[in-house]
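Everything below concerns the one structure shown next.
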Amino acid sequence: MDASVVAPARAARQRPDSARWSRRALLHRDRDTGPESAADRVLRGFGLVIGLVGTIAGLLELPEIIVQHREVALFWTLVTVSTAFGLLPVLAVVSLIDRPQLIRPVAGAAALGYLTAMVLVLAYFPQVEAAPGPIWVYRLVAIGMLAAALAWRLLFAGVYLVVAAAFPGIVAYLMLDGTSWMNVLVSFARQIGLCMLLLWCVAYARRAGVRVDRETVRASEQAAAVAGTAARERERARFAALIHDAVLSTLLDASRDSGTSPVLREQAQRTLDQLDETRFAESDMDTLDADSAVGFLRAAVHEVNRSVEFTARQGDNGAALRMPVEAAGTLAAALAEATRNSLRHAAVPGRTVQRTVTVTIGAGGLQVVVRDDGEGFDRGAVPADRLGVSVSILGRMRQLPGGAAFVESGPGKGTTVTLVWGSAGGGDDV
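Numbering (this note's numbering) for the sequence shown: 14 to 443.
As C-alpha cells, then:
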C-alpha cells in the first residue's frame, strides 16, 4: 500500500474530499495528465537531448555538406540531408510536449532515416568522395545510433549498431581501389567503440527508470507497513498506560475501600468511559464507513483530474459497509493509477474522450469501475516493463485480501478497469 494514502484515509472520516496525492512533472505537462513514471521521464529527457544534439550537429555540418555536395544535384542533397536530420527536431518537440508513447516511434523513424541517408550517398558516391575530408553522413553514425537505442530493445539496437558501424568500411572496400580488409576493420572498430558506449548509456538509463518505478512501489508498501506497525505500537502503549493508570488504580482503591463511596463510583465510571472511548476510537481509526470510503475514493480520482465523472451507488444495506483503512488506501492507489493510465493513453485525435468512475457499495464490499471510450489497447502488446497495469493495478489488488482487478480493452473499443473488494463474511454481494 502507498504510504501517501494512509494519512488521507484517516482524515477522510471528517473531510472526505480533502485527501491529497503527490504530483510531480517533467517539462511540459498539461492539466489533463497525471504524474509520469520514472521510465517515461527518462524517455522524455533522452528524446529531447538526442533530438536537440542531432539538430545542432546537422546545422554545424552544413558548411561541410555544402563543400562535399558541390558536384551533386540539388535534389539528391536535399533528400539526403532531410532524410538524415529531418526527424530529429520532431523528436525534440514530441519529447517536450506530447505523449511519451510517441517518442519511441519517432526515434525509430529517425534512426531508420539516418541509415537510409547512408545508403542514398551511394547514388552519387564518386562526387562526394572526390571532395576533401571524410563523408559527413558516415562520420555522424552516433546520431543514428542514439535514436536507435532510444527506440528499440537492446537486441534490435545492437543489430542497428553493427550494420551502421560496418557500412562505411564496406562501402569504401567495394567502391575505392586500395582499400584492404584491415582498413575495413579499423573503420568498424572506430565506429563501434563510441557507439557501444552510447548504446550502453541509453539502455542503462532506461532500465534504471524501470527499476526506480519498481522500487518506488515497493518502498511505498514498506513505508505503509512500517507506519502501520508504529501506529499499533503507539496504541498498545496508550492502552497499557490506561490499564496501569486507570484500571489497576481503580481496582486497588476498591480493594482498600470496604464500602462503595461516591468517589470510588465516579472513578470506576470514568475508567469504564475511558475504556469505551478507547474501543470506539480504535474502531474508528481502523475502518471507514460507506460515506467516508466513497469520499476517499472520490478524492483520489479528483486529485488526478477533477473533470472525470464520479458516481456512487449504494445497494441494499450498503450503509453498513465498514472498510479497513489499509484496504481503502490500496484500492484508492489502484483507482488513481487506472485514472492516470486513461488520461495518458486513451486520447483520440479530434474528439473528447469520456471517462467515468462508478462505485457500487454493498454491506460486504464494493466495486469500482473505471471506463473510457478512448482508443483502447491490445493487452498482449503491452511491454513487460510497463508497471502501470501489471504492478500498480493488477498486482496491487491481488495482494489485497479480498481484492481483485480486471482489465478489458481492445483497439478502438475503449478500456474498462474493474476493481473489487469484499470483506470476509460480508452480508450483501456487491
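A virtual CB, placed ideally from N, CA and C, is assigned to each residue, including glycine.
Exercise for the section: Determine the DSSP secondary structure at Leu348, reduced to helix, strand or coil. Expected result: Working through the sequence shown from its first residue, we reach residue 348 at position 335. Three-state result, Leu348: helix.
Practice task
Write down the C-beta distance between Leu104 and Gly60 rounded to the nearest angstrom, noting that I regard them as a contact closer than 8 angstroms.
Solution key: Start at 1 with the first residue of the sequence shown, and residue 104 comes out as number 91. Start at 1 with the first residue of the sequence shown, and residue 60 comes out as number 47. That pair is a contact at about 6 angstroms.
Practice task
Go ahead and label Gln204 buried or exposed: buried means 16 or more other beta carbons lie within 10 angstroms of its beta carbon, across all protein chains shown.
Solution key: One-based indexing of the sequence shown puts residue 204 at position 191. Gln204 comes out buried.
Problem - Cutoff 6 angstroms; reference Ala306; Cβ partners in own chain excluding five residues on either side - result: Here the question's residue 306 lines up with position 293 in the sequence shown. Excluding sequence neighbours, Ala306 sits near Met336, Ala341.
Problem - Range covered by the alpha helix (DSSP H) that runs through Leu104 - result: The sequence position of residue 104 within the sequence shown is 91, counting from 1. Residues 100-110.
Exercise for the section: With DSSP as the reference, please indicate the residues paired to Thr374 in a beta bridge. Expected result: The residue labelled residue 374 in the question sits at position 361 within the sequence shown. Note that residue 374 corresponds to Ile in the displayed sequence, not to Thr. Paired residues: Gln327, Leu379.
Practice task
Leaving out five residues on either side along the sequence, give the residues of the same chain with a beta carbon under 8 angstroms from the beta carbon of Ala136.
Solution key: Start at 1 with the first residue of the sequence shown, and residue 136 comes out as number 123. Closer than 8 angstroms at the Cβ level, and outside the excluded window around Ala136, lie Trp89.
Practice task
Over the uninterrupted alpha helix (DSSP H) stretch that includes Thr68, give me the two end residues.
Solution key: Walking along the sequence shown from the start, residue 68 turns up at place 55. Unbroken alpha helix (DSSP H) run through Thr68: 51-81.
Handout entry: Arg112 to Leu212 span [Cα, whole Å]
Key = In the sequence shown, the residue the question calls residue 112 occupies position 99. In the sequence shown, the residue the question calls residue 212 occupies position 199. In a straight line, the C-alpha of Arg112 is about 23 angstroms away from that of Leu212.
Problem - Which of helix, strand or coil DSSP assigns to Val430 - result: Along the sequence shown, read from residue 1 onward, the residue named residue 430 stands at position 417. DSSP places Val430 in strand when its eight states are reduced to three.
Problem - Other residues of its chain near Ile406: CB distance less than 6 angstroms, five sequence neighbours each side excluded - result: For the purposes of this step, residue 406 is identified with residue 393 of the sequence shown, where counting begins at 1. Here the set comprises Ala347, Glu350, Ala351, Ala418.
Handout entry: Host beta strand (DSSP E) of Asp302 (start-end)
Key = As a first step, residue 302 must be located in the sequence shown, where it is residue number 289. Segment 300-302, the beta strand (DSSP E) holding Asp302.
Handout entry: Under the three-state DSSP convention, the category Asp286 falls into
Key = In the sequence shown, the residue the question calls residue 286 occupies position 273. Three-state result, Asp286: helix.
Handout entry: Helix, strand or coil at Val18 [DSSP, three-state]
Key = Position 5 of the sequence shown, counted from the start, is the residue given in the question as residue 18. Since pLDDT at Val18 reaches only 39, below the 50 mark, its modelled position is unreliable, and no value is offered.
Handout entry: Cβ shell of Val366 (< 7 angstroms), same chain only, five flanking positions each side left out
Key = Sequence index remark: in the sequence shown, residue 366 carries index 353 (1-based). These residues qualify, in order along the chain: Ala359, Ala360, Asp385, Asp386, Gly387.
Handout entry: Residue range of the alpha helix (DSSP H) that includes Glu449
Key = Given a span of 14 to 443 for the chain in the structure shown, any question on residue 449 remains unanswerable.
Practice task
Could you please give the first and the last residue of the uninterrupted alpha helix (DSSP H) stretch that includes Val154?
Solution key: As a position in the sequence shown, residue 154 is number 141, starting the count at 1. Start and end: 154-164.
Handout entry: Length of the line joining the Cα atoms of Thr373 and Arg54
Key = As a working mapping, residue 373 is identified with position 360 in the sequence shown. As a working mapping, residue 54 is identified with position 41 in the sequence shown. About 35 angstroms.
Exercise for the section: Look at Phe309 and Ala345 and say whether their C-beta atoms are less than 8 angstroms apart. Expected result: Locating residue 309 in the sequence shown gives position 296, counting from the first residue. Locating residue 345 in the sequence shown gives position 332, counting from the first residue. Result yes, Cβ atoms of Phe309 and Ala345 sit closer than 8 angstroms.
Problem - C-beta contact flag for Ala177 and Met195 at 8 angstroms - result: In the sequence shown, the residue the question calls residue 177 occupies position 164. In the sequence shown, the residue the question calls residue 195 occupies position 182. Against a cut-off of 8 angstroms, the Cβ pair of Met195 and Ala177 comes out as no contact.
Exercise for the section: Would you decide whether Leu207 is buried or exposed? Buried here means 16 or more other CB atoms lie within 10 Å of its CB. Expected result: As a first step, residue 207 is located in the sequence shown; it is residue number 194 there, counting from the start. That one is exposed.
Problem - Buried or exposed (CB count within 10 angstroms, at least 16 for buried), Met188 - result: Position 175 of the sequence shown holds residue 188. That one is exposed.
Handout entry: Selected residue, minimal CA-CA separation from Leu285, among Thr371, Leu264, Asp302, Asp304
Key = To locate residue 285, count along the sequence shown from 1; it is residue 272. Nearest of Thr371, Leu264, Asp302, Asp304 to Leu285, Cα basis: Leu264.
Practice task
Name, in chain order, the residues that DSSP records as bridge partners for Thr369.
Solution key: In the sequence shown, the residue the question calls residue 369 occupies position 356. Beta-bridge pairing links Thr369 to Glu322, Arg384.
Practice task
Check whether the Cβ atoms of Thr68 and Pro102 lie closer than 8 angstroms to each other.
Solution key: Taking the first residue of the sequence shown as position 1, residue 68 is located at position 55. Taking the first residue of the sequence shown as position 1, residue 102 is located at position 89. The answer is yes: Cβ separation under 8 angstroms.
Handout entry: Counterpart residues of Ser422 in DSSP-defined beta bridges
Key = For this step, residue 422 is matched to residue 409 along the sequence shown. Beta-bridge pairing links Ser422 to Thr428.
Exercise for the section: Please list, in chain order, all residues of the same chain as Ala325 whose beta carbon is under 6 angstroms from its beta carbon, the five residues on each side excluded. Expected result: Mapped onto the sequence shown, residue 325 falls at position 312. Within the same chain, Ala325 has close Cβ partners Val307, Val372.
Handout entry: Close beta carbons around Val80, own chain, < 8 angstroms, minus the five adjacent residues each side
Key = Here residue 80 is taken as the residue at index 67 of the sequence shown, counted from 1. Only Ala144, Pro145, Gly146 meet the Cβ criterion.
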